[in-house]
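**Q** One structure, pasted below without further comment.
Protein chains: 2
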Amino acid sequence: MPIRPTARKTRSRTRTAAATIHDVAKRAGVSVATVSRVLNGKELVREETSRSVRAAAESLRYVPNVAARSLSIRRSQTIGIVLPDVHGEFFSEVIRGIDLAARAEGYHILVSGSHSDPVQMLEVVDTMRGRVDGLVVMAPDVTLAPLEELRARDMPVVLLNSSGPNRDAITIDNYGGARAMMRHLHGLGHTRIAFVRGPQHNADARERLRGYRHAMRGMAAASLRALECSGDFTEESGFAAGRRVAVAAPRPTAVFAANDSMAVGVLASFAAAGIKVPEVMSVVGFDDIPIARYVAPPLTTMRVDIAEVGRRAFALLLDAITDPNAHVTRHDRVGTALVVRGSCMAPQPVTELSTQPHRAARGRKSGSPNKGEAS
Amino acid sequence: MPIRPTARKTRSRTRTAAATIHDVAKRAGVSVATVSRVLNGKELVREETSRSVRAAAESLRYVPNVAARSLSIRRSQTIGIVLPDVHGEFFSEVIRGIDLAARAEGYHILVSGSHSDPVQMLEVVDTMRGRVDGLVVMAPDVTLAPLEELRARDMPVVLLNSSGPNRDAITIDNYGGARAMMRHLHGLGHTRIAFVRGPQHNADARERLRGYRHAMRGMAAASLRALECSGDFTEESGFAAGRRVAVAAPRPTAVFAANDSMAVGVLASFAAAGIKVPEVMSVVGFDDIPIARYVAPPLTTMRVDIAEVGRRAFALLLDAITDPNAHVTRHDRVGTALVVRGSCMAPQPVTELSTQPHRAARGRKSGSPNKGEAS
DNA sequence: CGCAAAAATGTAAACGTTTACATTTTGAAA
DNA sequence: TTTCAAAATGTAAACGTTTACATTTTTGCG
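Residue numbers (the working numbering), protein chains in the order written: chain A, 506 to 880; chain B, 506 to 880.
Okay, here's the thing in structure tokens:
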């Protein structure tokens with residue numbers, strides 16, 4: 506019972522409907538196939554034809570309909586970025602890095618942030634399906650990783666700041682960076698070094714902690730655990746940790762915060778308590794966020810090139826997208842660099858400090874290891 | 506000459522091809538139209554039919570192809586965000602605000618950042634055409650606005666931190682905020698107030714400057730211009746400005762930086778020069794970025810709810826998208842709130858300060874206006 | 001039960017590309 | 001001039017939805 510409906514009412518178009526490839530073809534006096542060929546520039550077309558098609562497209566202000574294109578070629582030239590509920594510098598730098606790399610390759614980026622729980626994250630991944638050719642998923646919270654694994658099948662995925670077995674991933678060399686920082690402090694003479702931890706389930710935080718612990722094992726210091734304070738990467742938690750460190754006995758001579766934000770909090774807390782940095786206590790962080798050099802004293806920290814993390818993630822994803830078969834899964838680590846500023850110095854003899862603070866203060870000028878910056 | 510090609514070779518599909526609406530229809534024993542109706546839930550469908558369709562979709566793990574859907578309904582359920590080359594907090598908070606609001610309405614966001622020049626920005630707008638239903642364009646640099654106007658035709662656009670005649674826009678109440686801050690300083694007794702300007706072509710910076718100047722005109726202070734320093738919103742430029750203010754004669758009693766980042770730079774410079782804040786010099790900023798409360802001393806500033814700016818921008822855009830005809834263009838301003846912290850106090854008599862710094866320092870405890878925070 | 005109106009469902013034409021294959025044109029060799 | 005391969009171009013079938021309109025089924029009522 507096939508029916509033959511009468512001429513269908515064409516969908517009403519308000520004023521200037523966008524020109525389609527058919528309009529261009531008509532104006533140039535060629536077929537749509539030729540227009541497509543000219544505009545995509547892959548196949549053979551006579552120079553003259555090409556010119557007239559281009560002229561027609563120009564005059565009609567033709568812009569290809571991407572939905573139709575995606576439907577036809579089964580590609581969207583878009584990648585998705587799924588982020589947890591991260592604020593600040595880190596967040597934006599990652600996007601920046603990916604965006605730059607993606608635009609250079611003609612890709613667009615679809616962003617979805619603020620996912621505190623895994624379920625929500627998976628929902629988003631589902632709604633992105635078909636809309637993107639691949640996914641960069643940032644899930645530093647290790648508990649998310651396994652869940653994420655279940656879905657997102659047959660779609661290239663690159664993990665950021667987390668990793669999984671047989672998964673493409675880009676992470677920061679947190680462990681190596683933490684050890685390098687400890688080496689720096691140790692070289693200055695510190696052995697009682699406190700650590701302010703990051704969120705318990707955060708992969709970056711865990712690795713930094715691991716680096717710290719490994720280094721501490723090599724030193725003579727006892728009661729390792731007693732020198733660790735909990736924290737959650739916020740300035741506020743750093744502030745609280747600073748208070749706890751200040752009353753610890755015997756007091757550490759240096760504090761290593763798992764990120765700069767917490768280090769800033771520690772500095773603020775020490776400033777409020779009248780504890781001089783770096784004379785009485787050295788403080789170091791991790792990340793090298795922009796304000797790090799503008800706090801007082803300027804913060805010694807491990808620099809992480811976050812935009813680079815984004816760039817690499819895109820490169821890896823692109824490889825997985827363009828040739829899924831030839832692609833071999835990789836796990837890359839982005840290196841870190843020590844940036845020495847004014848927030849640490851060699852530990853001063855306790856007696857001298859407690860009785861003659863001014864001499865210790867003067868000692869800073871002569872004894873400080875940081876003339877300029879070294880990275 | 507119509508041709509009748511032989512059966513066309515079906516496009517090779519590797520392994521598990523995604524299920525289409527046809528597969529679902531077949532499995533449920535209904536037509537594709539019914540499946541569409543069930544899944545989009547608008548029209549009448551028998552409960553029983555609905556259930557079986559849903560079951561079929563579920564079992565086939567059917568996910569609609571968005572490209573096909575967009576093509577058919579001529580909507581992408583996606584909005585584009587075009588940002589200049591902004592780093593940091595501001596950038597990410599705007600996206601956060603928009604993302605949250607957009608997701609609640611089932612919209613996705615396509616982001617493109619890092620556009621330093623207008624031409625590049627326009628290119629991006631072009632490539633987004635067809636991919637998005639509307640655009641949020643952040644172009645605080647006033648010189649960009651007119652250029653932007655040329656294109657982006659017949660596509661809803663909401664401007665952020667800039668405005669144009671007859672254009673939808675969301676801006677911050679920079680002028681009002683700056684005046685309120687000046688009122689606060691004046692109330693404390695300051696009359697010689699220096700200002701650190703932002704980028705010359707930045708709309709926010711201009712408005713803040715306008716607010717400052719207007720307030721200064723109301724005071725007795727002479728040589729207005731002499732108290733203005735140039736800056737570009739970076740910590741570095743704030744640092745440089747701090748130096749210049751420090752050697753100005755007669756020295757101002759307060760510094761108002763056009764944003765917090767520069768205020769942090771000013772603080773760092775004063776700390777390096779041994780100028781006590783707030784005893785000798787009060788310092789205030791604008792924005793209330795997260796570290797503002799963690800610098801020493803905690804910074805008095807005007808809070809701006811950036812995520813709110815994003816939310817409002819989306820709401821406005823959505824209105825323009827859903828009913829272009831009924832929509833009336835608006836220009837909304839988001840308010841600011843004074844946050845008083847420890848970085849200012851009443852100006853101290855000059856003689857006393859220069860000869861007896863310690864008394865002035867003590868004066869901080871009793872004379873400081875900031876017990877806790879007020880907003 | 002008969003009938004009409006209402007409800008449910010089906011059919012196939014868009015949406016705007018890309019591209020396999022067919023056809024026509026070109027140009028060089030015979 | 002003819003011939004034929006190569007180059008250029010055209011034709012129309014996908015791609016996977018939505019939806020106007022047609023058709024069938026159900027329901028309510030006399």
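Virtual Cβ for every residue (Gly too), placed ideally from N, Cα, C. Values in this document were obtained by computation on a predicted structure and should not be read as measured data.
For the stretch 703 to 720 of chain B, which residues have a CB atom closer than 9 Å to at least one CB atom of chain A, in sequence order?
**A** Those residues of the stretch 703 to 720 of chain B that come within reach of chain A (Cβ to Cβ, closer than 9 Å) do not exist; the list is empty.
**Q** Per DSSP, which residues does residue 615 of chain A bridge with? Please list them.
**A** A:585, B:615.
**Q** Helix, strand or coil, according to DSSP, for residue 639 of chain A in the structure here?
**A** Reduced to three states, the DSSP call for residue 639 of chain A is strand.
**Q** With three or more beta-carbon pairs closer than 8 Å as the criterion, would you say the stretch 730 to 747 of chain A touches the stretch 695 to 704 of chain A?
**A** As far as the Cβ criterion goes, the stretch 730 to 747 of chain A touches the stretch 695 to 704 of chain A, which means the pair count is three or higher.
**Q** Which residues, in order along the stretch 784 to 814 of chain B, keep a beta-carbon less than 7 Å from a beta-carbon of chain A?
**A** Answer in chain order: 795, 796, 799, 800, 801.
**Q** Cα-Cα, which of B:662, B:634, B:636, B:632 is closest to residue 644 of chain B?
**A** Closest option to residue 644 of chain B, Cα to Cα, is B:662.
**Q** Assuming residue 459 of chain B and residue 793 of chain B make a contact with CB atoms under 8 Å, what is their CB distance in whole Å?
**A** An answer regarding residue 459 of chain B cannot be provided, because it is not within the stretch 506 to 880 covered by chain B.
**Q** Starting from the beta carbon of residue 596 of chain B, find every residue of chain A whose beta carbon is closer than 7 Å, and list them in chain order.
**A** By Cβ distance, chain A contributes 597.
**Q** Excluding the 5 residues preceding and the 5 following residue 528 of chain A in the sequence, name in chain order all residues of the same chain whose CB lies nearer than 6 Å to its CB.
**A** Excluding sequence neighbours, residue 528 of chain A sits near 565.
**Q** Could you name the residues of the same chain whose beta carbon sits closer than 7 Å to that of residue 675 of chain B, not counting the 5 residues immediately before and after it, in chain order?
**A** 663, 665, 814, 817, 818, 821, 837, 839, listed in sequence order.
**Q** From the DSSP output, in three-state form, read off residue 524 of chain B for me.
**A** Here residue 524 of chain B sits in coil by DSSP.
**Q** Taking C-beta pairs closer than 8 Å, name the residues in chain A that residue 613 of chain B reaches, listed in chain order.
**A** Those within 8 Å of residue 613 of chain B in chain A are 615, 617, 632, 633, 636.
**Q** To the nearest angstrom, how far is it from the Cα of residue 781 of chain A to the Cα of residue 641 of chain A?
**A** When rounded, the distance between both Cα atoms is 43 Å.
**Q** Mapping DSSP to helix, strand and coil, what is residue 596 of chain A?
**A** Note: residue 596 of chain A maps to helix in three-state DSSP.
**Q** Please confirm whether residue 779 of chain B has its beta-carbon closer than 8 Å to some beta-carbon of chain A.
**A** So, not an interface residue.
**Q** Along chain A, in chain order, which residues have C-beta atoms closer than 7 Å to that of residue 824 of chain B?
**A** Per Cβ cutoff of 7 Å: no residues; residue 824 of chain B is ~18 Å from chain A at best.
**Q** Grab the span of the beta strand (DSSP E) containing residue 838 of chain B for me, first residue to last.
**A** Taken as a continuous stretch (DSSP letters only), the beta strand (DSSP E) holding residue 838 of chain B covers 836 to 839.
**Q** Got a sec: is the Cβ-Cβ distance from residue 737 of chain A to anything in chain B below 8 Å?
**A** Chain B, which has no Cβ nearer than 8 Å to the Cβ of residue 737 of chain A, makes this no.
**Q** Quick one: give me the first and last residue of the beta strand (DSSP E) that residue 808 of chain A is part of.
**A** Segment 806 to 809, the beta strand (DSSP E) holding residue 808 of chain A.
**Q** Can you tell me which of the three DSSP states residue 646 of chain A falls into?
**A** The answer is strand: DSSP assigns residue 646 of chain A an E or B state.
**Q** Who are residue 665 of chain B's beta bridge partners in DSSP?
**A** Beta-bridge pairing links residue 665 of chain B to B:643, B:675.
**Q** CB-CB under 7 Å to residue 750 of chain B, same chain, minus the five flanking residues each way: which ones, in chain order?
**A** Only 699, 734, 757, 760 meet the Cβ criterion.
**Q** Indicate the three-state DSSP secondary structure (helix, strand or coil) for residue 791 of chain B in the structure shown.
**A** Reduced to three states, the DSSP call for residue 791 of chain B is coil.
**Q** Please look up how many angstroms separate the CB atoms of residue 659 of chain B and residue 581 of chain B, rounded, as I've assumed it's under 8 Å.
**A** With a Cβ gap of about 15 Å, residue 659 of chain B and residue 581 of chain B do not count as contacting.
**Q** Give me the Cα-Cα distance between residue 525 of chain B and residue 543 of chain A, rounded to the nearest whole angstrom.
**A** Going from the Cα of residue 525 of chain B to the Cα of residue 543 of chain A covers about 32 Å.
**Q** So, does the CB of residue 561 of chain B fall closer than 8 Å to a CB anywhere in chain A?
**A** Chain A contact via Cβ: absent.
**Q** Checking contacts by CB at 8 Å: is residue 859 of chain B closer than that to chain A?
**A** Confidence at residue 859 of chain B is low in this model, with a pLDDT of 42, below 50, so its placement is unreliable and no value can be given for it.
**Q** Using a Cβ cut-off of 7 Å, pull out every chain B residue sitting near residue 837 of chain A, in sequence order please.
**A** Residues of chain B passing the Cβ test: none, with the nearest at roughly 23 Å.
**Q** Measure the alpha-carbon distance for residue 688 of chain B versus residue 720 of chain B and round it to whole angstroms.
**A** If you take the alpha carbons of residue 688 of chain B and residue 720 of chain B, they lie about 8 Å apart.
**Q** With DSSP collapsed to three states, give me the class of residue 784 of chain B.
**A** In this structure, residue 784 of chain B counts as coil in the three-state DSSP scheme.
**Q** For the structure I just gave you, are there three or more beta carbon pairs, one from the stretch 583 to 590 of chain B and one from the stretch 616 to 629 of chain B, closer than 8 Å?
**A** Counting Cβ pairs under 8 Å, three or more are found: they touch.
**Q** Please list the partners that residue 844 of chain B has in chain A, where partner means a Cβ-to-Cβ separation under 8 Å.
**A** Per Cβ cutoff of 8 Å: no residues; residue 844 of chain B is ~15 Å from chain A at best.
**Q** Quick check on the DSSP output: the beta strand (DSSP E) that includes residue 698 of chain A runs from which residue to which?
**A** Where residue 698 of chain A is concerned, the enclosing beta strand (DSSP E) stretches over 698 to 701.
**Q** One question on the structure: do residue 745 of chain A and residue 801 of chain B come within less than 8 Å of each other, judged by their Cβ atoms?
**A** Their beta carbons are not under 8 Å apart, which means residue 745 of chain A does not touch residue 801 of chain B by this criterion.
**Q** Anything in chain A within Cβ reach of residue 570 of chain B, meaning under 8 Å, just list it in chain order.
**A** What residue 570 of chain B touches in chain A: 576, 635.
**Q** Please look up how many angstroms separate the CB atoms of residue 791 of chain B and residue 682 of chain B, rounded, as I've assumed it's under 8 Å.
**A** Indeed they touch by this definition, with Cβ atoms about 7 Å apart.
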